[in-house]
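Numbering (the working numbering), first residue to last: 2 to 362.
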Amino acid sequence: MITEIKGYVKASHKAFTKVTALIVALAIMCAVTAFAASPSFYVDIYDGNEITRVLTSKSDPKTIVSQAGVKLDDRDKLDSTGFTAGEDSALRIYRSATVSFTDIDGNTIYTVFAGTVQDLLEELDVTLSDGQLITYPLDTILKDGMDVRVTNSYDVSVTADGNTSSFTMGEGTVRDALNRAGVTLGDDDEVTPELDSEVCEGTAITVYRVSYSYRTVTETVEFTKKTEKSAELYTDQQVISQKGVNGSKKVTYCDKTVDGKYASSEAVSTVVLEQTVPQITTVGTKQRPVVVRNLKNNGSPISELSVPSNVTVENGAPTNYSKIITGKASAYTASPTAKTSTGRTVKAGYVAVNPKQIPYG
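In structure tokens form, the structure reads like this:
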């Protein structure tokens with residue numbers, strides 16, 4: 002019996018050894034199977050402008066980011082929307098940024114947040130009403146210093162190159178509107194209103210395409226005229242003492258063209274080719290002598306008036322005087338009892354005068 006028992010023990014020991022070996026083999030097979038069930042895959046990690054690719058078999062996004070050597074701060078946000086474990090996929094990191102937000106009433110808050118403009122609006126429980134816009138596209142990633150503002154919307158138009166585009170935009174300048182319309186300005190182009198002007202409802206912006214060209218022409222310069230006085234000539238005499246001669250000059254013009262049409266010209270340089278010679282006219286200053294004609298009554302006065310004692314008369318005309326007035330005069334007749342403007346009765350020898358030219362007396 003003992004021998005049988007020993008034999009049984011020996012037999013049992015051999016059987017146990019075989020069972021143990023089988024268990025170990027099964028464990029190894031399970032391990033291999035487990036590894037085969039967790040294949041490696043690629044994950045692209047987007048961090049701002051940087052992309053890091055990592056080969057991994059991990060399923061936890063934060064573990065994968067750590068495996069790639071990318072550090073996350075407490076306020077950073079890891080977006081795993083595009084991640085699927087076991088498949089080539091992507092993770093996106095939004096870094097925390099200090100930004101300001103201003104509502105439609107002008108109230109401003111400052112906050113540290115990670116994500117997009119849309120995420121910020123949702124975090125602040127802000128809903129845009131009709132006629133309101135935000136200063137950035139909703140999918141814009143927040144960065145330090147950004148000023149996110151809710152503004153009123155304005156209908157504006159931009160006319161350029163013969164085309165007019167109308168659209169709605171928020172608060173901004175004419176420059177912003179041109180960028181929105183995709184209009185590029187040349188160095189010489191002009192815009193109304195000015196580029197830095199704030200837009201408002203109904204703002205109409207016009208772009209003028211301006212170009213400049215240069216041309217050079219030869220032009221005639223007309224001579225000038227001068228007058229000189231001479232005591233050798235009488236007042237009713239004049240002579241051309243120097244004949245005028247035209248000159249010439251070379252002028253360079255800058256021609257301005259607006260939207261393909263001539264607008265204006267400006268002389269930018271002038272070179273004199275031939276000098277002008279002025280024309281000089283000499284006029285006399287000498288008075289001609291007074292010639293007193295003989296009276297028809299042979300020198301006898303026809304006036305009944307007495308000659309003043311301080312006046313000398315020769316051939317019916319005074320010989321001493323202070324001034325001679327040369328001109329035409331008109332005579333008129335009246336009845337013997339008519340009165341002059343001074344109240345005197347008319348009489349031969351009285352002279353009717355304009356007191357503004359010849360005073361009474």
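Virtual Cβ for every residue (Gly too), placed ideally from N, Cα, C.
Because the structure is a prediction, the values reported are computed rather than measured.
Check: With a CB to CB cut of under 8 Å and the five nearest residues on each side skipped, what residues in its chain are close to Q243?; Outcome: V278, P279, Q280, I281
Check: Taking only three categories from DSSP, how would you classify T193?; Outcome: strand
Check: Need the endpoints of the beta strand (DSSP E) that N98 sits in, please.; Outcome: Asn is not the amino acid found at residue 98; the sequence shown has Ala there. Segment 98 to 103, the beta strand (DSSP E) holding A98.
Check: Which residues in the same chain have their Cβ closer than 8 Å to the Cβ of A339, if we skip the five residues on either side of it in sequence?; Outcome: T346, V347
Check: Which whole-angstrom value is the C-beta distance of I46 and L121, which I expect to be below 8 Å?; Outcome: Actually they are not in contact, since the Cβ atoms of I46 and L121 sit about 23 Å apart, beyond 8 Å.
Check: Please name the residue or residues paired with S167 in a DSSP beta bridge.; Outcome: S158
Check: Would you decide whether A98 is buried or exposed? Buried here means 16 or more other CB atoms lie within 10 Å of its CB.; Outcome: buried
Check: If you measure between the beta carbons of T57 and Q68, is that distance less than 8 Å?; Outcome: yes
Check: Between which two residues does the alpha helix (DSSP H) carrying V66 extend?; Outcome: 62 to 68
Check: For A232, which residues of its own chain have a beta-carbon under 7 Å away from its beta-carbon, when the five flanking residues on both sides are left out?; Outcome: T286, K287
Check: Leaving out five residues on either side along the sequence, give the residues of the same chain with a beta carbon under 7 Å from the beta carbon of T34.; Outcome: Bear in mind that the predicted position of T34 carries a pLDDT of just 47, short of 50, making it too unreliable to give a figure here.
Check: Answer yes if the region 206 to 220 comes into contact with the region 178 to 193, meaning at least three C-beta pairs across the two stretches below 8 Å, and no otherwise.; Outcome: yes
Check: Between G187 and the rest of its own chain, which residues show a CB-CB distance below 6 Å, the 5 nearest in sequence each way excluded?; Outcome: none
Check: Can you find at least 3 beta carbon pairs, one from the region 245 to 263 and one from the region 214 to 222, that sit closer than 8 Å?; Outcome: yes
Check: How is A26 classed by DSSP in three states: helix, strand or coil?; Outcome: Bear in mind that a pLDDT of 49 at A26, under 50, signals an unreliable position, so the model cannot answer this.
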